[in-house]
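First the structure, in the form of structure tokens, and then the observations on it.
Protein chains: 4
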Amino acid sequence: MLVVFKRTANEGDLDGLLDVLKREGLVGHVSRGVERTVVGVVGQTYPELRDKLEMLSGVEEVIPISKPYKLSSREFQSWNTTIQVGDVTIGGEVITIMAGPCAVESEMQLMETARAVKAAGAHILRGGAFKPSTSPYSFRGMGEKGLKLLAQAREETGLPIITEVLTPGDVEMVAKYADILQIGTRNMQNFILLDEVGKAQKPVMLKRGMSATIEEWLLSAEYILAQGNRQVILCERGIRTFETYTRNTMDVSAIPIIKKVSHLPIIADPSHGTGKWYLVGPLALASIAAGADGLMIEVHPNPDKALKDGPQSLNFDTFRQLTSQLASVVSAVGRKVR
Amino acid sequence: MLVVFKRTANEGDLDGLLDVLKREGLVGHVSRGVERTVVGVVGQTYPELRDKLEMLSGVEEVIPISKPYKLSSREFQSWNTTIQVGDVTIGGEVITIMAGPCAVESEMQLMETARAVKAAGAHILRGGAFKPSTSPYSFRGMGEKGLKLLAQAREETGLPIITEVLTPGDVEMVAKYADILQIGTRNMQNFILLDEVGKAQKPVMLKRGMSATIEEWLLSAEYILAQGNRQVILCERGIRTFETYTRNTMDVSAIPIIKKVSHLPIIADPSHGTGKWYLVGPLALASIAAGADGLMIEVHPNPDKALKDGPQSLNFDTFRQLTSQLASVVSAVGRKVR
Amino acid sequence: MLVVFKRTANEGDLDGLLDVLKREGLVGHVSRGVERTVVGVVGQTYPELRDKLEMLSGVEEVIPISKPYKLSSREFQSWNTTIQVGDVTIGGEVITIMAGPCAVESEMQLMETARAVKAAGAHILRGGAFKPSTSPYSFRGMGEKGLKLLAQAREETGLPIITEVLTPGDVEMVAKYADILQIGTRNMQNFILLDEVGKAQKPVMLKRGMSATIEEWLLSAEYILAQGNRQVILCERGIRTFETYTRNTMDVSAIPIIKKVSHLPIIADPSHGTGKWYLVGPLALASIAAGADGLMIEVHPNPDKALKDGPQSLNFDTFRQLTSQLASVVSAVGRKVR
Amino acid sequence: MLVVFKRTANEGDLDGLLDVLKREGLVGHVSRGVERTVVGVVGQTYPELRDKLEMLSGVEEVIPISKPYKLSSREFQSWNTTIQVGDVTIGGEVITIMAGPCAVESEMQLMETARAVKAAGAHILRGGAFKPSTSPYSFRGMGEKGLKLLAQAREETGLPIITEVLTPGDVEMVAKYADILQIGTRNMQNFILLDEVGKAQKPVMLKRGMSATIEEWLLSAEYILAQGNRQVILCERGIRTFETYTRNTMDVSAIPIIKKVSHLPIIADPSHGTGKWYLVGPLALASIAAGADGLMIEVHPNPDKALKDGPQSLNFDTFRQLTSQLASVVSAVGRKVR
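Chains as they are written, first to last, in the working numbering: chain L, 3 to 340; chain H, 3 to 340; chain G, 3 to 340; chain C, 3 to 340.
Dropping the structure here:
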């Protein structure tokens, strides 16, 4: 952290800063320039310190020079993290395809979909048993009954399952059934929940908050990592902008950025990222071309009868088309499909 | 809800829609225009239905004509909701001032602040015992010990207290101490938590999510109201935009909008809304001028030593200046200060 | 400007930077810390230099420590700029009210409005003769004929006039009629036009671009100031966010920020800032409470028949109500109405 | 357009609407529902009409049902527009690569770059002679001298040239040299300039405004088309969001959306879209995978010495790598490289 003083700052201001640093257990290295004095802060700092120093008398600006996240950074670990789920490896050379319905609605809907996505090349089955919904009057999922259906679908197809956990009290129960725990966009900063999945012995897929910066996203990953769970997967699913044509604006550039600054695998979710089924294919291809380690795609036997998010779901035919198109883009960027 | 067909739609498309509506238990009123056919949907609809209908063959667009929130709307209740907390009435003619430190840090810090804000005219004491923090390495609050200090401050000063609850498992415990439960911006869509505070017998102040639309905010209020708790207070605290000078962009226009579309009281939080203490005063005055029912202001004995959010906190002097300035703006818009 | 090197940077990287600085005519002051080396750059820098230095080998980050705008900053001029237009002073103790129709539509519409706004207390008459319109099929203004009507309205009422100029080729002609030249939001970065009004001998009111940061806005003001025209007025008119209830989100906090960092007067335009007439009053009061030097309000004899922006226009009655309400808020913040 | 009345609306409100429609030369088709009355508006409407009707007494909402742009829509022309520039066809099966420096700086810099990008497979040479710059103190381009250098580069390499025109007064001069006129992001709503290039006999590439919706962008294209110039190319270059890691957020989903709603070709500019050279490659591949008709890439012999936008420019080596990587993605999505 660098503290830049105003031109008009005096020795008292400098002493004031050095006092504060001492109280924080930090050391200040003073560097007097022609026009200004700058102090380098050495020791264990934290994000709020910046704001605190910035309001001291005489201080013009405080500049953080090391990133606030550590365990998720490439500086901390230079090689890519890979995560093993059954015989699927997430984050390696091979692209991972997660697919399934937004919400588990019935045994028939789920089994039918599980078989279809497996046949079309998916590696992991997705399906929500607990659904966050903006309105209290909407469908909120089948609960544990849905988890049991997911386990049954795994039994039959051999596909590992990923499903969302909404609240700390449910982590243990959901972890009993799921192979990967999913943290949804609205819970990216539900820190108690992050702590809790950080203690679970299961991989966690952390969706980006719809208005979260990349740094905040990595800090949320840090919560999970700091509890000792190093099996974290990131998932880009679109951010909120002024554009109203799409439900969200898929931030495809987040993919190569994550690859550069972090060692964690990253999955793209073009279904939520766009909100429209006819945009899912193009954005899926784009995400792979940009370096994503995999995709999460919503598939439903009858999207127009889906209880949740029908308009962004592919049906079996369009999903099959996508997986076959995908193969050539995957190999064009030097990756593989299983 | 109105379903507008494309010019090129045919009778089969219309029948398809009517079938779907029948399955949903809804009725479609068909109106054939010169160029297009439009169908009015009558019955109990829900937000996701719009998306579902929009993807049917031949459909151009679906237009919701009634708002998705009900209990929070002025149509449902034309008069203003007022909430009684001790002898403070929130939402009436008199402006409510909530003030105190961002986080409870120690007995001395809290007692000193409680006395100072009371002396300066505050009606309710704020203070966080459980703090959400973007980084796992930052201060996360004193927990129940902090709640006890708040209760002690209430004992001494007579000020009712408002404090944040972060997770469903804590609601009962926090409600034992607090007079008002606060739901923070990151939890605006933590629906399980909303359900839980909806069951509590305490007023709830719901902060706007930093990227939530006004409609989503009211839908979150709806969760609490739908559980039977009608004591809901809204709090505008700034939204996320491209501007980087301020931490958030305080959406002052949300204040008169809420007043128009809802009967719930609305409080403005210029401390979080701006993130800089020297903007708190101007935005506090602006919020009152725009019609807010009250203010929530961060005050700390030594902002430069605060463990959380020091740069946006007023000290005792600047808080006193604000409350005295406030009086004339309050009466300029026909409201009162106690 | 401070250049922060990576921990892994070597002497060659440092030499590379010093070479670049030399070529730019700048001097680098080297400061070697425990973990990193930091170089302070002294001399006349420019915004793009930052990006250039940031891509040099070994460089972690470049931090600008002086603001890129100069003439518009409070550091350059500590006292408030005031601008004299006839007997109206903009930027002093007295609040300035500019009002009139969005577009000049006819002699009768303009004269009637001019008389009404004058009677209600306006000091300057606004009216567009050249209108930017998102669609080529919409009304684009009366052109010079509209300017002549504005001049005629000034003749009759004595109110100075403000009107928009859209393109460099029109500056001379518009300046012949107008007392203040207005640069619209879509032209905030039309740099050729800024140069041109910078050469005119008339005050210029520069609206904030709908997605411009405060720094970019001040840099656009800098264009005008740098040409020698020191009579610049800023106008906040709302920014683009994800919220769809309002046309724009009025950034009320920009008002005290401008007052802090710049000496230029600032006017608030709640008509464009909200896009809804029933929000104009509350946001006008809020803007004054936050420190604005004046208001620009759209007024139309029959808003529901207006050719442009009817829904955000007040009629004569609601405008009169606003100006009378305004007086008490103005005095509550220690300002005056003429 | 559909006008939806409130439940509480009465016959007088309906008559009021019908009167307004009559005055506008429009016809209203009344449809009385169980709860509400809806009126379909037939005839030549315009965007502002919506707002005007929305404020009439008793009106709840006005819904536009036809898109405000016409000539640029797929409904107007179902086949893809292709544009011939020398022997390059933009918008057909073959991908077009435009490359060159952000700004023309010298004969040597331009010639060297022109030869290098040609050798690496580029089809069109880009280079700015007139540069918009946020600060008046920055480099603003070589002007006509730069245009002459571009013409000389075309002479030598055979590459057609694209260059930006900033102001209506320059269109004729720039068109004398350029093969394609470029309208920059800050001028997307410079309507006088759009009119002027609409009258030119040269293709125009229209960049998306950094805060423009897709609809506004197509309305700006409409200005050019409406003047009779049908050779319009769209260019996605990133939009402004809260994310600060990238200069802009490249809206990759805009590519398949444009392909769906419009017949105009679309080019992706990942250099401006990201602002960082190491993101250019991944986003270029992503854009092609998403369906773009071509790319615009900044290339500079020495990015660290560039006068403009060095950090987002590729050098000759990285550009060559990109074009060779590109070939396999292009063929993976069934397109061709020349």
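Cβ coordinates follow ideal geometry from the N, Cα and C atoms, glycine included.
Excluding its 5 nearest sequence neighbours in each direction, P305/G has C-beta neighbours in its own chain below 6 Å: G312, S315, N317, listed in chain order.
Boundaries of the beta strand (DSSP E) around K209/H: 206-209. Here the C-alpha atom of K54/H lies approximately 48 Å from the C-alpha atom of L309/H.
Each residue's CA atom was taken as its position, placing K278/H and I290/G some 20 Å apart. For Y48/L, the closest C-alpha among the options T98/L, M3/L, S137/L, G296/L is that of M3/L. For M252/G, the chain H residues whose C-beta falls within less than 9 Å of its own C-beta are D253, V254, S255, listed in chain order. For the stretch 232-252 of chain C, the set of residues with a beta-carbon nearer than 7 Å to any beta-carbon of chain H comprises R242, T243, F244, T246, in chain order.
Proximity of chain L to S330/C at the Cβ level (cut-off 7 Å) is accounted for by A334, in chain order. Residues of the stretch 204-216 of chain C whose Cβ lies closer than 8 Å to any Cβ of chain L, in chain order: S213, T215, I216.
Taking a beta-carbon distance threshold of 9 Å, E63/G counts as an interface residue toward chain L. Inside the stretch 35-96 of chain G, DSSP marks whole beta strand (DSSP E) runs of 3 or more residues at positions 39-44, 61-65, 85-87, 90-92, from first to last along the chain. Between the stretch 222-236 of chain C and the stretch 188-198 of chain C, the count of Cβ pairs shorter than 8 Å is three or higher; the stretches touch.
R188/C sits in a helix when the DSSP states are folded into three classes. Sequence-distant partners of S74/L (beyond 5 residues in either direction) whose C-beta falls short of 7 Å from its own C-beta, in its chain, are L220, A223, E224, L227, S264, L266.
Taking all protein chains shown into account, K24/C has fewer than 16 neighbouring C-beta atoms within 10 Å of its C-beta and is therefore exposed. Against G275/C, chain H offers no close residue; the least beta-carbon distance is about 15 Å (beta-carbon pairs closer than 8 Å).
Leaving aside the five residues that flank A116/L on each side, the residues in its chain whose CB is nearer than 6 Å to its CB run, in chain order, L127, A155, T159. Beta-bridge pairing by DSSP links C104/C to no other residue.
G42/C has a beta carbon lying within less than 9 Å of a beta carbon in chain H. Per DSSP, R322/H is one residue of the alpha helix (DSSP H) stretching across 318-334. A Cβ-Cβ contact shorter than 9 Å links I92/C with I235/C.
Neighbourhood of Q327/G in chain C, by CB distance below 8 Å: empty, with the nearest CB roughly 21 Å away. The beta-carbon separation of L149/C and E109/C, rounded to 13 Å, does not stay under the 8 Å limit for a contact. At a cut-off of 9 Å between beta-carbon atoms, G123/H makes no contact with chain G.
Across the set D295/G, D271/G, V254/G, the C-alpha of V254/G shows the shortest separation from the C-alpha of G275/H. Cβ-Cβ distances below 7 Å link E166/H to G130, F132, Q184, G186 in the same chain, with the five nearest sequence neighbours on each side left out; the list follows chain order. Legend: CB atoms of the stretch 123-149 of chain G lying less than 8 Å from CB atoms of chain C belong to residues P134, S135, T136, S137, P138, Y139, S140, F141, R142. Note: G30/C is bridge-paired with V43/C in the DSSP secondary-structure output. Here the alpha carbon of L161/H sits roughly 31 Å from the alpha carbon of I216/H. Within the DSSP bridge table, the entry for V301/C names L316/C as partners.
As the crow flies, the alpha-carbon of P170/L is around 8 Å from that of T169/H. Between G293/H and chain G, the shortest Cβ-Cβ separation is below 9 Å. A straight line joining the alpha-carbon of A286/L with that of A294/L spans about 9 Å.
R76/G and V173/G have their C-alpha atoms some 29 Å from each other.
Scanning chain C for C-beta atoms nearer than 7 Å to the C-beta of A228/G yields P138, reported in chain order. Along the length of the stretch 172-260 of chain L, whole beta strand (DSSP E) runs at least 3 residues long occupy 182-185, 206-209, 234-238, reported in chain order.
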